[in-house]
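Notes for the one structure printed next.
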Amino acid sequence: MFLGSIHIILLLSFFQLYELCPHEYRATDENHSYCSQPFPNVIDQRVTPSERINILKIHNYERQLVHGTNMEKMYWNQDLAEIALRYARGCKFDHDKANQRSVPKIPLSTGQNLAMGYENWTQAIGGWVDEKEYYLHGYPSTGIVAHYTQMIWHSAVLVGCAATICPPYRPYEIPWPFYVCNYITGQLNSNVYPPYNQGVGDYPLHDCHGKVCLYNGTLDLNTCQCQCSTYASGSQCERLNCSKLPLCPYYSSDACVLVNVPLECPRLCGLCDRYEILKQVYGENNLAPNTPLIKRTTKTTTIKSTTKKKSHGRKLKTTLRYQF
């Protein structure tokens, strides 16, 4: 009788969790971080408006510094921030999978930076920026640079961050701050694919207000218009016509973990099924990604650097999980 009661409780907990996980997230990944369970006694540290402005200011300052000819201005995305918060609540200092942090309405590669032990966001992001000491454009890196290169990835136009205070548990004997930033788009291996195209002289950031193009569309940085593939349409290529999709016989479904394959072969990688679910959830006329929460930030040319001090917190020792 006692074991039967436990079994019923576990089943109820499972169904409650299933019901709390929105259909569009389950369709993206059955273990999506949006639906993850929080660690006991974790304390949320949602990003404040002033912190949000500062996070964007630091990122765009670093993006401006490299003078990339194809570098875009970065904007805040609240969906990414909410997913980051729900992942940070789990207090697992390791990366989730790219699909598990993906925004359902933005089926593009999604990157991630993590940090722990720093006192505030400025110090945490400063730890990532410090990696540029080991980065020289066009040459193999001499140390860990993946957090920095994600920050300056040319098409990483959307970011959302969150933090939590995690309780002590092995091997951590005191409460520790856990910082998570998610990015669209995620980077590729910077030793193979440079984060940006190197220019000569000053190049302002291209500002398309965080606009992204879906389903293998490309963004014209001069006009901020999407050039859609033959099987997509709409202002952001958000309408998918699966009847026009190629069969992709040269890939197996195992290749869908690679960044380019879902874009080239949406049917093979389940994007057509997800698209039908998105139409049910949002409506066929509301499939374009949400407008970024912050429309404008201080002009990049006026952003000033501040003197950085080394953090007394624990510096990040893991690398960003590359997405190929």
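Per full-length UniProt numbering: the sequence shown ends with 324, consecutive numbering throughout.
Every residue gets a Cβ at the ideal spot worked out from N, C-alpha and C, and that includes glycine.
Looking at the secondary structure, which residues open and close the beta strand (DSSP E) in which residue i lies?
i: I165; result: L158 to C166
i: K44; result: Before going further, note that residue 44 is Asp rather than Lys in the sequence given. Per DSSP, D44 belongs to the beta strand (DSSP E) from I43 to Q45.
i: L268; result: Where L268 is concerned, there is no enclosing beta strand (DSSP E), given that its DSSP letter is neither H nor E.
i: T110; result: T110 to M116
i: Q225; result: Q225 to Q227
i: Y169; result: No beta strand (DSSP E) holds Y169; DSSP gives it neither H nor E.
i: Y148; result: Segment A146 to M151 is the alpha helix (DSSP H) holding Y148; no beta strand (DSSP E) there.
Helix, strand or coil: how does DSSP classify residue i here?
i: G126; result: helix
i: P262; result: helix
i: L65; result: helix
i: L20; result: helix
i: N99; result: helix
i: F39; result: coil
State buried or exposed for residue i, treating a residue as buried only when at least 16 other CB atoms are found within 10 Å of its CB.
i: D207; result: buried
i: E238; result: buried
i: F324; result: Its pLDDT being 25, under 50, F324 is placed unreliably by the model, and the measurement read from it follows with that caveat. Label assigned to F324: exposed.
i: Y169; result: exposed
i: S253; result: exposed
i: Y250; result: exposed
i: residue 346; result: In the structure as shown, the chain begins at 1 and stops at 324. Residue 346 is therefore absent and cannot be evaluated.
i: C224; result: exposed
i: R274; result: buried
i: E131; result: buried
i: K244; result: exposed
i: N197; result: exposed
i: R63; result: buried
i: S155; result: buried
i: L20; result: exposed
i: H142; result: Per the sequence shown, the amino acid found at residue 142 is Thr instead of His. Label assigned to T142: exposed.
Which stretch, first to last residue, makes up the alpha helix (DSSP H) that contains residue i?
i: I83; result: Q78 to A88
Is residue i close to the ligand FMN? I mean its beta-carbon at under 8 Å from any heavy atom of the ligand.
i: I55; result: Absent from the structure shown: the ligand FMN. Ligands present: none.
What distance in whole Å lies between the Cβ atoms of residue j and residue i, which are believed to be in contact at a cut-off of 8 Å?
i: T110; j: A98; result: 5 Å
i: A232; j: N241; result: 7 Å
i: P195; j: I152; result: 5 Å
Check your understanding: Any contact of the region 42-60 with the region 150-164, i.e. 3+ C-beta pairs under 8 Å?
Key -> yes
Practice item. Evaluate the contact criterion for the region 99-107 versus the region 26-36: three or more CB pairs, one atom per stretch, below 8 Å. Key: yes
Check your understanding: Looking at C-beta atoms only, is the number of pairs between the region 69-79 and the region 88-97 that lie closer than 8 Å three or more?
Key -> no
Check your understanding: So does the region 113-128 actually touch the region 209-220, counting three or more Cβ pairs closer than 8 Å?
Key -> no
Practice item. Would you check if there are 3 or more beta carbon pairs closer than 8 Å linking the region 54-67 to the region 77-87? Key: no
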